[in-house]
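**Q** Please find one structure pasted underneath; my questions will follow.
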Amino acid sequence: GVREALSGRFAIAVLDVTMPRLNGVEALRQIRAGSRMPVLMLTARGDDIDRIIGLELGADDYVPKPCSPRELVARLRAILRRVAGSASEGASDGPIVVGPLSMWPQRRSALWHGQPLELTSTEYNILEVLARHAGRVVSKSDLSELAMGRPLARFDRSIDVHVSSIRQKLGACADGESWIQTVRGQGYQFVKA
Numbered sequence: 002g003v004r005e006a007l008s009g010r011f012a013i014a015v016l017d018v019t020m021p022r023l024n025g026v027e028a029l030r031q032i033r034a035g036s037r038m039p040v041l042m043l044t045a046r047g048d049d050i051d052r053i054i055g056l057e058l059g060a061d062d063y064v065p066k067p068c069s070p071r072e073l074v075a076r077l078r079a080i081l082r083r084v085a086g087s088a089s090e091g092a093s094d095g096p097i098v099v100g101p102l103s104m105w106p107q108r109r110s111a112l113w114h115g116q117p118l119e120l121t122s123t124e125y126n127i128l129e130v131l132a133r134h135a136g137r138v139v140s141k142s143d144l145s146e147l148a149m150g151r152p153l154a155r156f157d158r159s160i161d162v163h164v165s166s167i168r169q170k171l172g173a174c175a176d177g178e179s180w181i182q183t184v185r186g187q188g189y190q191f192v193k194a
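Residue numbers (our numbering): 2 to 194.
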């Protein structure tokens with residue numbers, strides 16, 4: 002169960018929303034309470050709300066069943082590549098500092114106003130890409146490729162859900178605006194302080 006997942010013996014967890022005894026959403030909550038371990042959610046339910054809840058609780062990806070075993074393996078590999086640091090290719094060993102944000106890609110840690118910032122692996126990757134391009138617009142397509150390791154699907158809203166979660170964790174700027182601006186029809190931009 003969850004204790005086994007948190008033992009440190011596994012690189013990633015795959016949870017089914019309809020698992021017996023402890024459903025996947027509750028298992029995800031318990032994992033997120035004690036770990037940033039990457040998590041991929043599976044579900045036979047087709048509702049957007051199920052996917053959104055899973056992503057908002059910190060799942061790194063969400064795959065509806067039935068799915069191709071090849072797609073599942075490809076998504077797992079993409080998550081593991083991101084966690085291993087492929088999202089920060091070409092990164093220097095030093096921190097990324099933008100206003101009150103400091104990120105250390107080699108350690109995969111972040112501080113916000115000097116306090117530890119708790120992010121899922123996907124949230125970290127998205128914020129890192131936005132911070133590296135602070136002041137410039139990054140398209141959703143580029144965010145999906147750079148931070149999630151996969152092309153953006155036609156109706157995929159996972160980037161939006163992850164950005165919403167990051168916004169909540171960062172709070173508002175002094176002027177009340179979000180640190181991550183939506184540029185309608187183009188993408189997202191991290192505000193330079």
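Even glycine gets a Cβ: it sits at the ideal position worked out from N, Cα and C.
1) If you drop the 5 nearest sequence neighbours on each side, which residues of the same chain put their C-beta closer than 7 Å to that of ARG109?
2) From the DSSP output, which residues share a beta bridge with PHE156?
3) Taking the continuous beta strand (DSSP E) assigned at THR197, which residues delimit it?
4) What is the residue span of the alpha helix (DSSP H) that ASP49 lies within?
5) Suppose you measure from the CA of ARG151 to the CA of GLU129; what does that come to, to the nearest Å?
6) Where does the unbroken alpha helix (DSSP H) through ASP143 begin, and where does it stop?
7) Measuring only the C-alpha atoms, how far is SER89 from ALA12?
8) Could you spell out the range, first to last residue, of the beta strand (DSSP E) harbouring ALA14?
**A** Per the coordinate set shown:
1) Here residue 109 refers to the residue found at position 108 when the sequence shown is read from its first residue. Contacts found: TYR125.
2) What you label residue 156 is simply residue 155 of the sequence shown in a count that begins at 1. PHE156 pairs with nothing; no bridge assigned.
3) Nothing about residue 197 can be reported from this structure: the residues present for the chain run from 2 to 194 only.
4) Within the sequence shown, residue 49 is the residue found at index 48, counting from 1. It spans 49-57 - the alpha helix (DSSP H) in which ASP49 sits, taken as one unbroken run.
5) Taking the sequence shown and counting its residues from 1, one reaches residue 151 at position 150. Taking the sequence shown and counting its residues from 1, one reaches residue 129 at position 128. Spanning the two alpha carbons is a distance of roughly 16 Å.
6) Stepping through the sequence shown from its first residue, residue 143 is reached at position 142. Residues 141-149.
7) For the purposes of this step, residue 89 is taken as residue 88 along the sequence shown, with counting starting at 1. For the purposes of this step, residue 12 is taken as residue 11 along the sequence shown, with counting starting at 1. Because SER89 carries a pLDDT of 47, less than 50, the predicted location of this residue cannot be relied on, and no value is offered for it.
8) For this step, residue 14 is matched to residue 13 along the sequence shown. Where ALA14 is concerned, the enclosing beta strand (DSSP E) stretches over 14-17.
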